[in-house]
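Here is the structure we will look at, set down as structure tokens.
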Amino acid sequence: MSEHPENSIREAWILFMVLGMCMINFPFIHIFAGAQKLFGVPQLVLYFMIGWPASIVVIWLFVRALDRTAGTTGEPSDSSET
Amino acid sequence: MPVISAATILSVSLAYFALIFTIAHYAEKRRAAGRSLLANPHIYCLSLAVYCTSWTFYGSVGLAATSGLEFLPIYLGPTLIAFGWWFLLRKMVRISKEQKITSLADFLSSRYDRSAILAAIVTLFAVFGITPYIALQLKAIATTLDLIYLPELSPEDLPLVNGLPFQPDTALVVALLLVLFGILFGARHLDSSERHEGLVVAVAFESLVKLVAFLAVGIFVTWGLFDGVADIFQRFYASLPQHADLFALGTERTSYAKWFTLIILSMAAVMFLPRQFHIMVTENPDESHIKKAMWQFPTYLFLINIFVIPIALAGLLVNQGDATGADYFLLTLPLNAGQPWLALLVFLGGLSAAAGMVMVSSVTLATMVLNHLVMPIILKLQLETRDMSGILIAIKRLGILGVVLLGYVYYIAIGDSYALVNIGMISFMAAAQFAPAMIGALYWRRANKHAAICSVSSGFLVWFYTLLIPAFVRSGWLDSDLLVAGPFGMALLKPLELFGLQGFDMYSHALFWSLLFNLGSYLAVSLLTGQSRSEKSRARKFVEVFSDQVGQKEQLTRISKAPTVLEFTELMSKFIGEKQAHSAISEFLADHEIDQRGSLSDQEIPQLKGFTEKTLAGYVGAAPARIIIENYLAARGSEMEDVFDIFGTVTISGAASREHLSVLYDVSQIVSSSDHFQKKLDRILDLLAQQFKFDLCVIRFIEQKSKTLLVKSLVGETLKHFGQSERNLNTETYIGQAFLTNTTTIVNDTDELEKPASEAIIREEGITCFAHTPITQDGDTIGVLSAFSRSGKGVFTTEFIALLENVAGQVGIAWRNEQQLSRLLEVREQERELQIAKDIQMALLPAPLPPMQQIDIAGLCVPAHQVGGDYYDFILRNDTCCDLIIADVSGHSIGSALIMAETRTFIHSSLLTLSEPADMLQALNAFFLKDLDRSDLFVTMFYLQYDMDSRRLIYGNAGHNMPLVWRRKTQSVEMLDAEGLIFGVKKSIIFEQKVTTLEPGDLLLLYTDGIIEAEDNNQNQFGYKRLANLIKEGQNATPAALIDQILSQVRLFTGYRHFIDDVTLVVMKVLE
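Chains as they are written, first to last, in numbering that gives the first Met the number 0: chain A, 0 to 81; chain B, 0 to 1071.
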């Protein structure tokens, strides 16, 4: 592997953080801020109640990827963190 | 009529407390047995949920009922930041483990040069910021107890407190119970690095209870009272149309700015609230648990919020849209629905949420108060107690009591005046003020102590002004004019509209201003001020905690009058108790060898010092630990400060390499600068003395004649003895040994001198350690670089010697450059003089004659060097008679030139008295005899006299090359010769004088041996023949042109433009 796997995970992490920050803030959430409802529930409430667990799944996948890289390199590599 | 009897509530509550005590106790037992419950990552994850206090538990529903989704950012923020825990939190955990960090204040102080002031400020701020939060929890417990209990209940129904002379209020009783718990499981004894397993497990259990209680009510309300979530929403919109926009965002009630502010605040709070830091970082049992926590903690947050909206809407529906009691819908809904046991479960859940927070916060704050407020005072007073540990633990317990009681007082004084959520937000905002200094501590090496102090204190001040002052005003403590008109009527300073910033809610407003000042001062001060050496080292240990080099550090130094192992143990015992001290020291000694006398080697004593400081830091924090050690060593007279400073710079192999390089870089800059040599040496020594705090630095160079070392440069104070000492070279002295063996000689402790010859002067100068490093140049030792310290010992480590040798090498280069430069200057000076001589000599040669009818003469002299010994002349004696002279003084030196000048002077002054060539030659020989004999020079000369009327040529020769005559008539070349020896060989020589006649068109060519002896590549000489041919070819040319022709042909022949011998040619043509 040419690049250290944990570095690419770190990049992914930063991207997800930025993406997450955008997705729970104005103006993105303004899309759902209207009065429309889905199954009788305001769509903004649905957006958060579905988006939130979805983001937790993303973290879970992220952690799994971390475990995998730790598996390939033997030890959880600390040296990249400098 | 009480729904649940007082006895039931009390007994259930007490039983619940007992259960928690039991669980905590069990956890401690398990730990003692080596089967820690914390090995289970789920316990760590659950304990993190101490984030969810009663504010979450009750307040979220209240907020949802009044402000819709506004409760959500408080949980979305932590979910987002959990993404980064593997990098952010793990780094904090790793650092805290390595540095034995005890609290948030300790973390900041430890990073920023173990600053006691910073730690004190952070502690004060934390106490200010968190106390309202504790008040909030007490208020929640008291209110819910009242609710479940029915407020109209008479005090007689309280069996436990019956008969007491006063009526304690429920909040106080609960507070005291929590204090008891805090003391039992948070301050039973002084713990290393603040690990409290019982506390953590209890908190984890409480987290479980509050989640179960919340979910139970949620399920009951959603599917028991209503027909699912959709049903609740449907009925809500049908029967409460006035609340239709409850979930809208971007409204005045919940602006996007406020939404963003809440997310930022919650992200900061979950990381930097002191209790979060404590549970997440100091109590973390294993880094790998973070990975589980990254998704389990957000999942917990999601679950505990999943029913918030349904319950809030249900509460509104049940109360016909009235949100007054919304904060306690969670409790009132099951109560009103006739489910007292469910309500009791909710009450226990709320109790758990509050208790967990209060327990952890009080223990954390008490630790901070003890270590960073009380300890510095105790250390200042220097109490002479044998065992401090007892006092310390007592103070810590008092601290827990104090913090909780302070919360209680706050609750009594101000708590009722403010909605729950406001108090929580004020605390969150306080935590956010730590964020810049904390993030900078982890990722920015340049961030420094002053910046951190400015950052936290400015944030603190703005926080106080924009949030706490309004809170006081609303509680009626301060005049409301302050908010409306500003202090002293200054509208610009209105706490809620600072500097005229309007249109924001108070949190966004406070966050903006506090972070602006906080972050601004942090960045500005960091960039404008520097770091001390020790602070740089601390910064490295934090920012580069994952780099491999950090592990191996500060091993090589020495402490003078160092304490023994036993003394270090006694010092530790004093603060942490004998048992802990002994177990710590045995842990240390397991890895180190002790010699026969039971002591450690010089190198290991400093390690022991570091270990002692770290161990103490684990109990009392980094800043106090440093003060303890420093005071102790200072009291013993161990000159630790100096040693420490030097070793802080130069001995830590990894850390110092950069400083080494920078010193070497500076030295090389000095060497290559345009400074004078002496100044270079002085500057190098200045640099050494300043960077490494040497008292005296000397450079000596060998004086070849006397074979002594002479002081060339000296920096530092010395008795005059030193400056004068020109040391003889023998191995009796250290410097002599260094010079003669060409190796660095060091003495790290002058108490152990081996050479008596050096002893007197060392003693007289008060030197404690020194080093002599030879300065070499192309393998030859040319001098010695010496460094002396009067305060430190053991300064010269292997790494430092390497540095010193490198500097000595640079001095050698500077010396060589200096030598070359002076040689160059010398040569240049000579050249300048020679140029003058050349100009003079050229001026001595004759100027071209005015055009004449009978003859045309030209001459040229090309010296091989600046000055030469060739000479030619043509002198008009009268209108018809012309003397022609060509001479060659052997050599091309100044001496030759002087003789040549002498020759000319003699001839010119003798023209009147000596009229014939032979007489002139005779006189010259007599004149030169003495001079030439002394100078090993000799002179050859051909002297001719031409009479233009008769065309007669009279000539005499003093050993010179025979001139050539071109006879046009016969088209042949003839050589002129006459008997005669070179000058200066014999006293009296008879010079033959001959006569010949020239015809018009004839050419006379005089030359020196530079022409005919010019050689080509094969060492063939130019010779007469070639010269004769050239005359023949150029017979019709003018004399000047002929000379040019001959010179170019000779150059062509040799292949060089430059002649190796002086070349002189004179040509005379007889005109028609």
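Even for Gly, the Cβ is constructed at its ideal location relative to N, Cα and C.
Specify the secondary structure class of residue i as computed by DSSP and reduced to three states.
i	result
Cys453(B)	helix
Pro850(B)	coil
Trp965(B)	strand
Gly609(B)	helix
Leu36(B)	helix
Ala863(B)	coil
Ser672(B)	coil
Ile628(B)	helix
Arg113(B)	coil
Ala186(B)	coil
Met1067(B)	strand
Ala247(B)	coil
Ser153(B)	Annotation note: pLDDT 41 at Ser153(B) (below 50); position unreliable, no value reported.
Glu1012(B)	coil
Ala267(B)	helix
Ala688(B)	helix
In terms of residue numbering, what span does the beta strand (DSSP E) encompassing residue i cover?
i	result
His771(B)	Cys768 to Gln776
Thr780(B)	Asp779 to Ser788
Asn956(B)	Arg951 to Ala957
Ala322(B)	First-last for Ala322(B): undefined, no H or E at that position.
Val746(B)	Thr744 to Val746
Using a Cβ-Cβ cut-off of 6 Å (strictly less than) and excluding sequence neighbours within five positions of residue i, which residues of its own chain qualify?
i	result
Pro486(B)	Leu492
Met374(B)	Val619 and Pro623
Asn370(B)	Val619, Gly620 and Pro623
Asn924(B)	Phe982 and Ile988
Leu510(B)	Thr260
Between the options, which lies nearest to residue i when the distance is taken from Cα to Cα?
i	options	result
Thr879(B)	Met947(B), Phe927(B) and Ala857(B)	Met947(B)
Glu1071(B)	Ser757(B), Lys968(B) and Leu380(B)	Lys968(B)
Ser785(B)	Ala17(B), Gln819(B), Thr744(B) and Pro284(B)	Thr744(B)
Trp476(B)	Glu496(B), Tyr409(B), Lys379(B) and Leu441(B)	Tyr409(B)
Leu177(B)	Glu251(B), Met356(B), Leu45(B) and Ile303(B)	Met356(B)
Leu43(A)	Val62(A), Trp59(A) and Met22(A)	Met22(A)
Ile80(B)	Ala119(B), Lys993(B), Ile263(B) and Ile989(B)	Ile263(B)
Thr55(B)	Leu1002(B), Gln136(B), Leu171(B) and Phe545(B)	Gln136(B)
Gly1009(B)	Asp1060(B), Ala759(B), Tyr870(B) and Pro845(B)	Asp1060(B)
Asp855(B)	Arg113(B), Ile1042(B), Glu825(B) and Gly765(B)	Ile1042(B)
Arg699(B)	Thr730(B), Leu911(B), Ile761(B) and Ala807(B)	Ala807(B)
Leu347(B)	Asp779(B), Val216(B) and Ala917(B)	Val216(B)
Who are the near neighbours of residue i in its chain, counting only those whose CB is closer than 8 Å to its CB and skipping five residues on each side?
i	result
Ala256(B)	Phe503, Asp504 and Ser507
Met387(B)	Ile377, Lys573 and Phe574
Lys1031(B)	Trp965, Gln970 and Val972
Ser360(B)	Ile129, Tyr132, Ile133, Pro273, Arg274 and Val402
Applying the criterion that 16 or more other CB atoms from any shown protein chain within 10 Å of the CB defines a buried residue, is residue i buried or exposed?
i	result
Ile140(B)	buried
Val17(A)	exposed
Trp462(B)	buried
Phe38(A)	exposed
Lys290(B)	buried
Gln606(B)	buried
His659(B)	buried
Met841(B)	exposed
Lys379(B)	exposed
Only counting the same chain, and skipping five residues up and downstream in sequence, which positions put a Cβ closer than 7 Å to that of residue i?
i	result
Phe301(B)	none
Gly320(B)	Leu239, Gln241 and His242
Leu18(B)	none
How is the alpha helix (DSSP H) around residue i delimited, first residue to last?
i	result
Ala1040(B)	Pro1038 to Thr1053
Asp105(B)	Leu103 to Arg110
Ala354(B)	Pro339 to Val368
(request) Taking only beta carbons into account, state which residues of the segment 10–29 of chain A come closer than 7 Å to chain D, listed in chain order. (result) This model lacks chain D altogether, as its protein chains are A and B.
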